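S.K.: Here it is, the structure in full.
Number of protein chains: 2
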Amino acid sequence: MSIEGPEIGTTAKRRRRVPEVARREALVSARRLLITSGPTAVTLKAVGDEIGVTHANLIHHFGSAAGLQSALMESMVRDLTDALGAAVEQLRSNPGAPRALVDAVFDAFDQGGAGRLAAWIALSGDLQHLEPVRAAVRDLVDAICETFAAEGEQTHHRVTSAVLFIALYAFGDAVIGAPLRDMLDREDDAGRKIVARLLPTFLF
Amino acid sequence: MSIEGPEIGTTAKRRRRVPEVARREALVSARRLLITSGPTAVTLKAVGDEIGVTHANLIHHFGSAAGLQSALMESMVRDLTDALGAAVEQLRSNPGAPRALVDAVFDAFDQGGAGRLAAWIALSGDLQHLEPVRAAVRDLVDAICETFAAEGEQTHHRVTSAVLFIALYAFGDAVIGAPLRDMLDREDDAGRKIVARLLPTFLF
DNA sequence: GACGATATCTACATGCATGTAAGTTACATT
DNA sequence: AATGTAACTTACATGCATGTAGATATCGTC
Numbered sequence: 004m005s006i007e008g009p010e011i012g013t014t015a016k017r018r019r020r021v022p023e024v025a026r027r028e029a030l031v032s033a034r035r036l037l038i039t040s041g042p043t044a045v046t047l048k049a050v051g052d053e054i055g056v057t058h059a060n061l062i063h064h065f066g067s068a069a070g071l072q073s074a075l076m077e078s079m080v081r082d083l084t085d086a087l088g089a090a091v092e093q094l095r096s097n098p099g100a101p102r103a104l105v106d107a108v109f110d111a112f113d114q115g116g117a118g119r120l121a122a123w124i125a126l127s128g129d130l131q132h133l134e135p136v137r138a139a140v141r142d143l144v145d146a147i148c149e150t151f152a153a154e155g156e157q158t159h160h161r162v163t164s165a166v167l168f169i170a171l172y173a174f175g176d177a178v179i180g181a182p183l184r185d186m187l188d189r190e191d192d193a194g195r196k197i198v199a200r201l202l203p204t205f206l207f
Numbered sequence: 004m005s006i007e008g009p010e011i012g013t014t015a016k017r018r019r020r021v022p023e024v025a026r027r028e029a030l031v032s033a034r035r036l037l038i039t040s041g042p043t044a045v046t047l048k049a050v051g052d053e054i055g056v057t058h059a060n061l062i063h064h065f066g067s068a069a070g071l072q073s074a075l076m077e078s079m080v081r082d083l084t085d086a087l088g089a090a091v092e093q094l095r096s097n098p099g100a101p102r103a104l105v106d107a108v109f110d111a112f113d114q115g116g117a118g119r120l121a122a123w124i125a126l127s128g129d130l131q132h133l134e135p136v137r138a139a140v141r142d143l144v145d146a147i148c149e150t151f152a153a154e155g156e157q158t159h160h161r162v163t164s165a166v167l168f169i170a171l172y173a174f175g176d177a178v179i180g181a182p183l184r185d186m187l188d189r190e191d192d193a194g195r196k197i198v199a200r201l202l203p204t205f206l207f
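Protein sequences appear in the order of chains A and B.
For the first sequence, this note's numbering assigns the number 4 to the initial residue and increments by one for each residue that follows.
For the second sequence, this note's numbering assigns the number 4 to the initial residue and increments by one for each residue that follows.
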């Protein structure tokens with residue numbers, strides 16, 4: 004079984020994509036590789052093989068291997084900030100549902116791959132790629148502050164504690180949650196339950 | 004300024020180490036490289052340069068590059084389990100001091116590099132290296148259960164929740180705590196304070 | 001249908017991490 | 001002091017990831 008084109012030995016017909024499509028396909032593949040096989044698996048050759056282009060073509064589109072990595076980080080960070088924004092909206096429309104907020108953040112870190120991405124960024128030291136997250140985090144803090152507008156100073160402190168709490172926990176759960184829960188014989192959503200139960204202690 | 008031997012151009016005198024010393028020096032250097040510069044910085048050449056031997060010599064001692072990595076993981080996992088064991092002892096001798104327990108676990112993940120190590124292991128998929136941690140975690144659970152021996156079934160559930168809570172949080176804090184706290188304008192030990200405050204809600 | 005822009009490929013070059021083989025030297029033992 | 005073990009080095013080989021240059025094919029446009 005061959006993953007190549009229609010025939011082997013004959014010159015397979017080229018598929019010509021507009022640059023945006025080529026970049027998008029490459030980033031989807033790169034993200035899949037990052038999530039399933041780790042950072043070292045995200046090579047020009049591996050990504051190229053997955054989408055049926057050569058590594059030279061990826062350099063043409065992204066400038067360099069580092070360019071592809073940066074684009075991947077940007078793309079995943081954008082998804083994370085979008086997810087946080089959605090969580091904010093969800094909170095505004097339906098406050099007092101901690102589990103929904105928790106699920107939104109946990110899913111972003113877990114399914115979206117943001118957890119593995121953040122770990123990769125932190126380990127490799129490319130912290131500048133996290134900068135766009137700063138604004139998203141501040142928006143999240145502001146939104147929660149508005150929703151639970153009680154006393155001024157104390158509220159901000161409590162809310163930043165809550166955000167720090169849920170973000171760190173969701174990150175940890177996404178990266179090493181599975182093996183840890185296995186060691187403790189705990190169910191898959193044990194972490195989410197704990198966070199959902201404790202979150203109100205920050206906000207009320 | 005040269006990091007080489009006494010002179011350049013002349014054959015520097017060789018330093019011959021017993022294998023245990025050579026391995027220990029290499030692992031110390033490898034750990035430093037892992038913590039400061041990330042997993043990709045841990046190469047045979049980089050470690051060799053730091054301790055003044057050739058990369059071939061490291062292969063002689065560890066068998067292969069993968070052997071060095073495994074030994075590094077083993078060494079760091081042992082330190083982590085030791086730290087957890089010490090935390091257990093501390094808890095037995097002085098129960099009711101959550102901040103001390105929290106500090107012990109957080110320091111293990113942060114200063115000891117266990118956080119970055121665990122992230123590396125999780126990202127690269129070498130989960131079998133975490134197996135020795137399983138026993139340490141179970142010991143920790145048992146120790147806490149004995150200390151807070153109330154009703155049977157409920158206690159075990161609460162304690163595993165507490166361990167999951169503190170471990171995931173300490174891990175997250177060690178890996179991405181610094182940039183997150185910076186985004187939120189929070190103090191360095193904000194995470195520890197939060198965990199120390201919430202931990203009693205699991206145990207009492 | 002011819003043409004131009006460029007997406008894509010082939011072929012080659014380079015650097016690095018790893019691994020191997022064989023020689024060299026330090027140190028303990030005698 | 002002679003000797004053997006093995007820690008250590010040098011020299012070479014290999015594979016992979018990245019990068020470059022030039023040729024080729026595809027598609028929109030005229």
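No residue lacks a Cβ here, since even glycine has one placed at the ideal position from N, Cα and C.
Fair warning: this is a prediction, and the values are worked out from it, not measured in the lab.
1. Give every residue of the same chain whose Cβ lies closer than 8 Å to the Cβ of Ile124(B), excluding the five residues on either side of it in the sequence, and list them in chain order.
2. For chain B, check one thing: does any of its Cβ atoms lie closer than 9 Å to the Cβ of Pro203(A)?
3. Anything in the segment 47-68 of chain A with a Cβ closer than 9 Å to a Cβ of chain B? List those residues in chain order, please.
4. With a threshold of 7 Å on Cβ separation, who are the neighbours of Pro22(B) within its own chain once the five nearest residues in sequence on each side are excluded?
5. In three-state terms, what does DSSP make of Pro98(A)?
6. Determine, using beta carbons only, whether Thr43(A) comes closer than 9 Å to chain B.
7. Since I believe Ala49(A) is in contact with Leu36(A) (beta carbons under 8 Å), could you give me their beta-carbon distance rounded to a whole number of angstroms?
8. How about Leu83(A) and Leu94(A): are their beta carbons less than 9 Å apart?
9. Can you name the start and end residues of the alpha helix (DSSP H) that Glu149(B) belongs to?
10. Kindly list the residues whose CB is nearer than 8 Å to the CB of Asp176(A), restricted to its own chain and excluding five residues on each side of it in sequence; keep chain order.
11. Below 9 Å between beta carbons: does that hold for Val45(A) and Ala25(A)?
12. Here's a check: name, in chain order, each residue in its chain whose Cβ is nearer than 8 Å to the Cβ of Arg34(A), leaving out the five neighbours to either side.
13. Using DSSP with H/G/I as helix, E/B as strand and the rest coil, what is Lys196(B)?
14. Does the Cβ-Cβ distance between Leu87(B) and Ala139(B) come in under 9 Å?
15. Quick check on Asp106(B): buried or exposed, where buried means 16 or more other Cβ atoms within 10 Å of its Cβ?
16. Determine the DSSP secondary structure at Gln114(B), reduced to helix, strand or coil.
17. So the candidates are Asp185(B), His159(B) and Ile179(B); which of them puts its Cα closest to the Cα of Asp188(A)?
18. Apart from the five residues on each side of it in sequence, which residues of its chain come closer than 8 Å, Cβ to Cβ, to Val144(B)?
19. Checking 9 Å against the spacing of the C-beta atoms, do Val91(A) and Ile147(A) come in under that value?
20. With a Cβ-Cβ cutoff of 9 Å, do Tyr172(B) and Val136(B) count as a contact?
21. Look up Thr46(A) in the DSSP assignment and say whether it is helix, strand or coil.
22. Suppose contacts are defined by Cβ-Cβ distances below 9 Å. Is Phe174(B) in contact with Val178(A) by that definition?
23. Given this structure, state the Cα-to-Cα distance separating Pro101(B) from Asp85(B), to the nearest angstrom.
24. Ignore the nearest five residues each way along the sequence and tell me which others in Ile38(A)'s own chain have a CB closer than 8 Å to its CB.
25. Given that Arg184(B) touches chain A, what residues does it touch there, using C-beta distances under 8 Å?
26. Where does Ser73(A) sit, in a helix, a strand or coil, going by DSSP?
27. Here's a check: name, in chain order, each residue in its chain whose Cβ is nearer than 8 Å to the Cβ of Arg184(A), leaving out the five neighbours to either side.
28. At the level of alpha carbons, what is the spacing between Phe151(B) and Pro98(B)?
29. I believe Glu28(B) touches Ile54(B) by the beta-carbon criterion, under 8 Å. Please report the beta-carbon distance rounded to the nearest angstrom.
30. By Cβ distance, which residues of its chain are closer than 7 Å to Ala69(A), with the 5 residues on each side in sequence left out?
31. Let me confirm a value: Pro203(B) is counted as buried when at least 16 other C-beta atoms fall within 10 Å, else exposed. Which label applies?
32. Tell me, to the nearest whole angstrom, how far the beta carbon of Gly41(B) is from that of Leu126(A); I am working on the premise that it is less than 8 Å.
33. Reducing DSSP to helix, strand and coil, say where Thr34(A) ends up.
34. When we look at the beta-carbon of Gln157(A) and count the other beta-carbons within 10 Å, is it buried (16 or more) or exposed?
M.R.: Here's the rundown:
1. Locating residue 124(B) in the second sequence gives position 121, where the first residue counts as 1. Only Met76, Leu130, His132 and Leu133 meet the Cβ criterion.
2. To locate residue 203(A), count along the first sequence from 1; it is residue 200. Cβ-Cβ to chain B under 9 Å: no for Pro203(A).
3. none
4. Your numbering for residue 22(B) matches position 19 in the second sequence. Within the same chain, Pro22(B) has close Cβ partners His64.
5. Looking up residue 98(A) in the first sequence gives position 95. Correct three-state label for Pro98(A): coil.
6. On the first sequence, position 40 is the one that residue 43(A) refers to. It does; some Cβ of chain B falls within 9 Å.
7. As a first step, residue 36(A) must be located in the first sequence, where it is residue number 33. As a first step, residue 49(A) must be located in the first sequence, where it is residue number 46. Going by Cβ atoms, the distance from Leu36(A) to Ala49(A) rounds to 6 Å, so yes, they are a contact pair.
8. As a first step, residue 83(A) is located in the first sequence; it is residue number 80 there, counting from the start. As a first step, residue 94(A) is located in the first sequence; it is residue number 91 there, counting from the start. The answer is no: Cβ separation not under 9 Å.
9. Here the question's residue 149(B) lines up with position 146 in the second sequence. Unbroken alpha helix (DSSP H) run through Glu149(B): Glu134 to Thr150.
10. The residue given as residue 176(A) occupies position 173 in the first sequence. Taken in chain order, the residues that qualify are Phe109, Phe112, Asp113, Gly118, Gly194 and Arg195.
11. In the first sequence, the residue the question calls residue 45(A) occupies position 42. In the first sequence, the residue the question calls residue 25(A) occupies position 22. Against a cut-off of 9 Å, the Cβ pair of Ala25(A) and Val45(A) comes out as no contact.
12. The sequence position of residue 34(A) within the first sequence is 31, counting from 1. Closer than 8 Å at the Cβ level, and outside the excluded window around Arg34(A), lie Leu75, Ser78, Met79 and Gly116.
13. The residue given as residue 196(B) occupies position 193 in the second sequence. Reduced to three states, the DSSP call for Lys196(B) is helix.
14. Position 84 of the second sequence, counting from 1, holds the residue named residue 87(B). Position 136 of the second sequence, counting from 1, holds the residue named residue 139(B). The answer is yes: Cβ separation under 9 Å.
15. To locate residue 106(B), count along the second sequence from 1; it is residue 103. When all chains shown are included, Asp106(B) counts as buried.
16. For this step, residue 114(B) is matched to residue 111 along the second sequence. Here Gln114(B) sits in coil by DSSP.
17. Sequence index remark: in the first sequence, residue 188(A) carries index 185 (1-based). Minimum Cα distance to Asp188(A) is reached at His159(B).
18. As a first step, residue 144(B) must be located in the second sequence, where it is residue number 141. Only His159, Val162, Thr163 and Val166 meet the Cβ criterion.
19. Counting from 1 along the first sequence, the entry for residue 91(A) is found at position 88. Counting from 1 along the first sequence, the entry for residue 147(A) is found at position 144. Yes, the pair counts as a contact, with Cβ atoms nearer than the cut-off.
20. Position 169 of the second sequence holds residue 172(B). Position 133 of the second sequence holds residue 136(B). Taking 9 Å as the Cβ cut-off, Tyr172(B) and Val136(B) do not qualify as a contacting pair.
21. What you label residue 46(A) is simply residue 43 of the first sequence in a count that begins at 1. Thr46(A): coil per DSSP, three-state reduction.
22. By 1-based counting over the second sequence, the position of residue 174(B) is 171. By 1-based counting over the first sequence, the position of residue 178(A) is 175. The answer is yes: Cβ separation under 9 Å.
23. Counting from 1 along the second sequence, the entry for residue 101(B) is found at position 98. Counting from 1 along the second sequence, the entry for residue 85(B) is found at position 82. The alpha-carbon atoms of Pro101(B) and Asp85(B) are separated by roughly 19 Å.
24. Locating residue 38(A) in the first sequence gives position 35, where the first residue counts as 1. Excluding sequence neighbours, Ile38(A) sits near Gly116 and Arg119.
25. In the second sequence, residue 184(B) corresponds to position 181, counting from 1. Going along chain A in sequence order, the residues near Arg184(B) (Cβ under 8 Å) are Leu167.
26. The sequence position of residue 73(A) within the first sequence is 70, counting from 1. It is helical.
27. Here residue 184(A) corresponds to residue number 181 of the first sequence, with the count starting at 1. Closer than 8 Å at the Cβ level, and outside the excluded window around Arg184(A), lie Glu190, Asp191, Ala193 and Gly194.
28. Translated into positions along the second sequence, residue 151(B) becomes position 148. Translated into positions along the second sequence, residue 98(B) becomes position 95. Those two C-alpha atoms are separated by around 9 Å.
29. On the second sequence, residue 28(B) is found 25 positions in, with the first residue counted as 1. On the second sequence, residue 54(B) is found 51 positions in, with the first residue counted as 1. Rounded, the Cβ-Cβ distance is 5 Å, consistent with contact.
30. Residue numbering aside, residue 69(A) sits at position 66 when the first sequence is read from its first letter. If we look at Ala69(A) and ignore the five residues flanking it on each side, it has no Cβ neighbours.
31. For the purposes of this step, residue 203(B) is identified with residue 200 of the second sequence, where counting begins at 1. Per the 10 Å Cβ criterion, exposed.
32. Numbered from 1 along the second sequence, position 38 holds the residue referred to as residue 41(B). Numbered from 1 along the first sequence, position 123 holds the residue referred to as residue 126(A). Indeed, because the Cβ distance is near 5 Å, the residues count as touching under 8 Å.
33. As a position in the first sequence, residue 34(A) is number 31, starting the count at 1. According to the sequence displayed, residue 34(A) carries Arg and not Thr. Reduced to three states, the DSSP call for Arg34(A) is helix.
34. Translated into the one-based positions of the first sequence, residue 157(A) becomes position 154. Exposed.
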